[in-house]
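**Q**
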Amino acid sequence: MEIYDVIIIGGGPAGLTAGLYTARAKLKTLLFERGLPGGQASTTDLIENYPGFPQGIAGPELMMNFQEQAMRFGMELKIDEVIGLEIGEPKKVKTVGGVFQARTIIIASGAKPRPLGVRGELEFWGRGVSYCATCDGAFFKSRNVVVVGGGDAALEEGLFLTKYANRVTLVHRRDQFRAARIIQERVFNNPKIDIRWDTVVEEIKGGDKVEKVVLRHVKTNQKEDFVTDGVFVFIGVDPNSDFLKDIVTLTPEGYVITNQNLETNVPGLFAAGDVRNKILRQVSTAVGDGALAAVSAERYLASLGI
């Protein structure tokens with residue numbers, strides 16, 4: 174069985190950057206991505222805070238450039254889902270499609286949108302409930318939608334939805350947003366956006382598709398049926414780390430713990446990007462993680478005489 178120098182799990186900005194660095198260093202590199210490469214960044218309409226693009230750049234375009242650059246240096250890409258690891262020499266990566274061997278592994282599996290966990294959410298997923306405004310916004314042209322959340326993602330996606338929807342209602346459980354000030358100002362100044370403070374969604378209702386949500390004011394406990402055509406959820410993310418349980422050390426929330434060189438507790442295993450335990454998850458920090466993890470993997474291999 175062929176042995177790779179590096180296998181990278183995850184094709185977001187961290188994984189693609191790691192692949193660029195390891196492939197350019199002449200290490201035989203294979204990257205697994207279960208969906209379209211680019212991760213959450215590829216579902217972002219406009220990225221304004223990635224250096225080098227004064228006017229911003231569309232997330233899909235930026236991620237396509239990442240992929241093209243990494244593959245130009247010889248990185249292999251397989252669309253497949255990793256379901257487990259076997260730690261040994263060499264290490265084994267188990268996927269839906271087979272088993273692959275590597276001397277080092279970089280975990281860059283990222284994170285997934287966190288669900289609300291309310292009645293009706295799963296039932297109406299794809300029929301009015303969405304976790305990606307860029308993917309589904311066009312389906313709500315001239316309609317009214319609810320956006321749940323108060324961070325950067327919720328406000329940015331809410332602003333994006335105003336391109337299509339008649340009315341966007343932001344529902345936030347607190348009395349102030351957590352998003353960056355510049356994004357908040359854009360929301361406050363957009364006439365198509367309403368804000369419902371101190372409010373949560375308790376249930377999603379409808380027939381063939383979403384027709385309304387049950388809102389509850391957290392201070393008065395007053396409930397109301399609120400008519401809407403769609404519900405977009407942006408309340409945070411959870412790490413894609415289920416396949417790592419009992420293999421590497423995780424936080425109680427499931428994030429991978431690393432040292433300053435992005436080494437896990439298992440020699441030859443590194444972690445980068447949103448799956449790692451850290452305070453900031455942005456494209457720029459993912460790129461830094463990917464580069465550092467790649468260099469650390471290269472040095473590990475050199476210590477083995479490879």
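In the working numbering, the protein residues as written are 174 to 479. C-beta atoms are modelled at their ideal positions from N, C-alpha and C, and glycine is treated no differently. Predicted model only: the values in this text are computed from it and were never measured.
In its own chain, which residues sit with a C-beta less than 6 Å from the C-beta of Lys251, not counting the 5 before and 5 after it?
**A** Residue 251 sits at position 78 when you count from the first residue of the sequence shown. Answer for Lys251: Phe205, listed in chain order.
**Q** Going by the beta-carbon positions, is the gap between Ile182 and Ser315 smaller than 8 Å?
**A** Locating residue 182 in the sequence shown gives position 9, counting from the first residue. Locating residue 315 in the sequence shown gives position 142, counting from the first residue. Not in contact: Ile182 and Ser315 (Cβ atoms no closer than 8 Å).
**Q** What are the partner residues of Val456, as DSSP defines its beta bridges?
**A** Taking the first residue of the sequence shown as 1, we reach residue 456 at position 283. BP columns for Val456 are empty, so no partner.
**Q** Please report the residue range of the beta strand (DSSP E) in which Tyr194 lies.
**A** Translated into the one-based positions of the sequence shown, residue 194 becomes position 21. Tyr194 -> not in any beta strand (DSSP E); alpha helix (DSSP H) instead, spanning Pro186 to Arg197.
**Q** Classify Phe361 as buried or exposed, calling it buried when 16 or more other Cβ atoms lie within 10 Å of its own Cβ.
**A** As a first step, residue 361 is located in the sequence shown; it is residue number 188 there, counting from the start. The residue is exposed, with fewer than 16 neighbouring Cβ atoms inside 10 Å.
**Q** Tell me whether the beta-carbon of Val341 lies closer than 8 Å to the beta-carbon of Val320.
**A** For this step, residue 341 is matched to residue 168 along the sequence shown. For this step, residue 320 is matched to residue 147 along the sequence shown. Their beta carbons are under 8 Å apart, which means Val341 touches Val320 by this criterion.
**Q** Under 6 Å Cβ to Cβ from Gly324, same chain only, skipping five residues before and after it: list those, please.
**A** For this step, residue 324 is matched to residue 151 along the sequence shown. Excluding positions up to five away in sequence, the list reads Arg351 and Ala352.
**Q** Kindly give me the distance between the Cβ atoms of Gly225 and Asp253, rounded to whole angstroms, as I take these residues to be in contact under 8 Å.
**A** Here residue 225 is taken as the residue at index 52 of the sequence shown, counted from 1. Here residue 253 is taken as the residue at index 80 of the sequence shown, counted from 1. Not really, about 32 Å apart at Cβ, beyond 8 Å.
**Q** Alpha carbons only, please: which of Gly208, Leu189 and Val386 is nearest the one belonging to Arg292?
**A** Position 119 of the sequence shown, counted from the start, is the residue given in the question as residue 292. It is Val386 whose Cα lies nearest to the Cα of Arg292.
**Q** Measure the beta-carbon distance from Val179 to Thr277 and round it to whole angstroms, keeping in mind my assumption that it falls under 8 Å.
**A** To locate residue 179, count along the sequence shown from 1; it is residue 6. To locate residue 277, count along the sequence shown from 1; it is residue 104. Rounded, the Cβ-Cβ distance is 5 Å, consistent with contact.
**Q** Less than 8 Å between the beta carbons of Arg300 and Asp381, yes or no?
**A** Position 127 of the sequence shown, counting from 1, holds the residue named residue 300. Position 208 of the sequence shown, counting from 1, holds the residue named residue 381. In contact: Arg300 and Asp381 (Cβ atoms closer than 8 Å).
**Q** If we define contact as Cβ-Cβ less than 8 Å, is Ser469 a contact residue for chain B?
**A** The structure shown contains no chain B; it is built from a single protein chain.
**Q** Report the partner residues of Glu221 according to the DSSP bridge assignment.
**A** Counted from its first residue, the sequence shown places residue 221 at position 48. Note: Glu221 sits in no beta bridge, so no partner.
**Q** Note down, one range per segment and in chain order, each alpha helix (DSSP H) of at least 4 residues found wholly within the region 291-379.
**A** DSSP runs (the alpha helix (DSSP H)) wholly in the region 291-379: 306-309, 325-334 and 354-361.
**Q** Within 8 Å, do at least three Cβ pairs link the region 203-220 to the region 464-478?
**A** These segments do not touch.
**Q** When the Cα of Gln357 is compared with those of Val439, Leu332 and Glu384, which residue comes out closest?
**A** Locating residue 357 in the sequence shown gives position 184, where the first residue counts as 1. It is Leu332.
**Q** Can you find at least 3 beta carbon pairs, one from the region 446-462 and one from the region 396-413, that sit closer than 8 Å?
**A** As far as the Cβ criterion goes, the region 446-462 touches the region 396-413, which means the pair count is three or higher.
**Q** On the three-state DSSP scale, how would you describe Gly270?
**A** Working through the sequence shown from its first residue, we reach residue 270 at position 97. In the structure shown, Gly270 sits in coil (DSSP, three-state: anything other than H, G, I, E or B).
**Q** Please report the straight-line C-alpha distance between Leu328 and Arg359, rounded to a whole angstrom.
**A** Along the sequence shown, read from residue 1 onward, the residue named residue 328 stands at position 155. Along the sequence shown, read from residue 1 onward, the residue named residue 359 stands at position 186. Going by the C-alpha atoms only, they are around 9 Å apart.
**Q** Can you tell me whether Glu330 is buried or exposed, with buried defined as 16 or more other CB within 10 angstroms of its CB?
**A** Mapped onto the sequence shown, residue 330 falls at position 157. Looking at its Cβ environment, which holds 16 or more other Cβ atoms inside 10 Å, Glu330 is buried.
**Q** Leaving out five residues before and five after Arg133 in sequence, what residues of the same chain have Cβ atoms less than 6 Å from its Cβ?
**A** In this structure the chain extends from 174 to 479, so residue 133 is not present and cannot be described.
**Q** Candidates Tyr223, Asn363 and Arg346: which alpha carbon is nearest Val391's?
**A** Your numbering for residue 391 matches position 218 in the sequence shown. Here the closest residue by C-alpha is Arg346.
**Q** For the region 413-477, which segments carrying the beta strand (DSSP E) assignment without a break, of at least 3 residues, lie completely within its bounds, in sequence order?
**A** Taking only runs of at least 3 residues, the beta strand (DSSP E) segments lying wholly in the region 413-477 are 442-444.
**Q** So, is Pro263 buried or exposed, given that buried needs 16 or more other C-beta atoms within 10 angstroms?
**A** Looking up residue 263 in the sequence shown gives position 90. That one is buried.
**Q** Under a three-way DSSP split, which group does Arg389 fall into?
**A** As a position in the sequence shown, residue 389 is number 216, starting the count at 1. Strand, per DSSP.
**Q** Could you give the DSSP three-state label for Pro233: helix, strand or coil?
**A** As a working note, residue 233 is residue 60 in the sequence shown. Residue state, collapsed to three classes: helix.
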